[in-house]
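Student: In our numbering, the protein residues as written are 10 to 302.
To start, I am sharing the structure in question, which I have written as structure tokens.
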Ligand SMILES: NC(=O)c1ccc[n+]([C@@H]2O[C@H](COP(=O)([O-])OP(=O)(O)OC[C@H]3O[C@@H](n4cnc5c(N)ncnc54)[C@H](OP(=O)(O)O)[C@@H]3O)[C@@H](O)[C@H]2O)c1
């Protein structure tokens with residue numbers, strides 16, 4: 010299918026900003042930040058659908074501060090699940106296609122191998138539980154919905170609720186502290202939101218439907234990711250590899266957060282480039298590469 014009118018929720022966020030930029034030329038895009046469209050406000054959602062009459066809705070809004078979600082259960086389910094049900098209903102009524110974002114955290118991370126889309130979820134945090142409920146809401150209420158599970162997102166526009174993204178936080182911390190500690194036992198495929206945005210657009214163009222794993226190619230630990238960031242930034246600071254510890258009341262994070270993508274491949278979706286290539290381009294564009302600093 011092609012893009013006519015597009016509604017993006019969570020405007021101003023990392024992924025939403027890249028989607029907005031990518032689609033600006035080929036669609037009539039209405040990207041709304043939380044102030045303009047709080048997705049938990051059903052009247053506001055109804056008004057947004059009426060005003061923008063979308064053919065495609067990208068629901069990028071989420072409450073995803075994993076530790077805060079653990080303490081704010083109601084808000085987690087309100088934003089990440091119940092609001093998705095209502096957006097899904099609006100999509101079904103109006104015939105809009107819903108593209109909804111989810112997370113590798115729907116798996117507990119105990120498996121030895123990367124998780125394919127068909128693996129049974131086993132969420133182990135309030136964030137993950139609420140995101141899994143949101144997946145079901147999208148699939149059950151919005152016919153033909155795409156649910157794309159991402160991991161370790163970073164983008165040029167930063168994630169305001171987390172005080173920048175992981176890359177900018179590590180660079181700042183290295184400059185301030187001169188040394189870093191990072192978990193070496195949690196693995197994932199960190200993903201540049203510009204690449205994820207392109208993959209989502211392709212999924213809509215190819216009329217894909219269902220659950221897809223959409224992360225960068227390859228995998229690394231957070232420690233290896235941090236080392237790569239330091240190398241590319243030209244920061245010669247020691248990074249100490251440490252094991253994951255979970256403070257009382259803290260969220261459980263998957264050790265194996267790596268996703269396989271047989272369903273995405275079967276749908277003819279193009280694999281994303283290797284995580285390090287994407288990181289290098291991101292850091293270049295963000296002015297964080299050694300040569301640029
Ligand atoms: N970031 C990651 O590492 C990661 C990993 C896997 C999957 N994901 C998923 O990928 C998607 C996009 O993530 P992202 O990193 O682009 O997030 P982001 O940059 O934090 O953007 C999310 C946006 O949603 C907004 N928001 C929160 N509550 C809202 C509400 N009730 N109504 C409307 N907007 C609301 C936030 O606004 P405020 O900042 O004002 O709260 C924020 O601007 C999310 O579904 C997330 O769960 C993220």
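Note that beta-carbon positions come from the ideal geometry of N, C-alpha and C, so glycine has one too.
So, under 8 Å CB-CB, residue 180 and residue 237 are touching, yes? Tell me the CB distance rounded to an integer number of Å.
Tutor: About 12 Å; that fails the 8 Å criterion.
Student: Assign residue 216 to one of two classes, buried (16 or more other C-beta atoms within 10 Å of its C-beta) or exposed (fewer than that).
Tutor: Under this definition residue 216 is an exposed residue.
Student: In whole angstroms, what is the alpha-carbon distance linking residue 255 and residue 60?
Tutor: 45 Å
Student: What does the Cβ neighbour count give for residue 111, buried or exposed, with the cut at 16 atoms within 10 Å?
Tutor: With a 10 Å radius around the Cβ and a threshold of 16 neighbouring Cβ atoms, residue 111 comes out buried.
Student: With a threshold of 7 Å (Cβ to nearest heavy atom), would residue 204 be considered close to ligand 1?
Tutor: no
Student: Shorter than 7 Å, the distance from the beta carbon of residue 113 to the closest heavy atom of ligand 1, or not?
Tutor: yes
Student: Do you know how far the Cα of residue 199 is from the Cα of residue 106?
Tutor: 27 Å
Student: Does the distance between the C-beta of residue 186 and the nearest non-hydrogen atom of ligand 1 fall short of 7 Å?
Tutor: no
Student: If we count the other Cβ atoms within 10 Å of its Cβ and call it buried at 16 or more, is residue 25 buried or exposed?
Tutor: buried
Student: Verify whether the separation of the beta carbon atoms of residue 150 and residue 132 is less than 8 Å.
Tutor: no
Student: With a threshold of 16 other CB atoms inside 10 Å of the CB of residue 63, please say whether the residue is buried or exposed.
Tutor: buried
Student: By Cβ distance, which residues of its chain are closer than 6 Å to residue 166, with the 5 residues on each side in sequence left out?
Tutor: 23 and 26
Student: Please confirm whether residue 225 and residue 299 have their CB atoms less than 8 Å apart.
Tutor: no
Student: Ignore the nearest five residues each way along the sequence and tell me which others in residue 301's own chain have a CB closer than 6 Å to its CB.
Tutor: Because the pLDDT of residue 301 is 49, which lies under 50, any placement of that residue in the model is unreliable, and the number read from its coordinates should be weighed accordingly. Result list for residue 301: empty, nothing under 6 Å.
Student: With C-beta atoms as the reference, is residue 75 less than 8 Å away from residue 136?
Tutor: Cβ distance < 8 Å, so residue 75 and residue 136 count as in contact.
Student: Taking the alpha carbon of residue 50 as the point to measure from, which residue in 35, 99 and 28 has its own alpha carbon closest?
Tutor: Comparing Cα-Cα distances from residue 50 to each of 35, 99 and 28, the minimum goes to 99.
Student: Contact between the stretch 269-277 and the stretch 181-188: three or more CB pairs below 8 Å?
Tutor: no
Student: So the candidates are 43, 109, 177 and 16; which of them puts its Cα closest to the Cα of residue 221?
Tutor: Nearest of 43, 109, 177 and 16 to residue 221, Cα basis: 109.
Student: Between residue 48 and ligand 1, is there a pair consisting of the residue's CB and a ligand heavy atom that are separated by less than 7 Å?
Tutor: yes
Student: On a CA-only basis, which of 45, 148 and 192 is nearest residue 93? Give me that one, please.
Tutor: 148
Student: Could you tell me which residues DSSP puts in a beta bridge with residue 108?
Tutor: DSSP, once it has assigned bridges, lists 67 and 155 as partnering residue 108.
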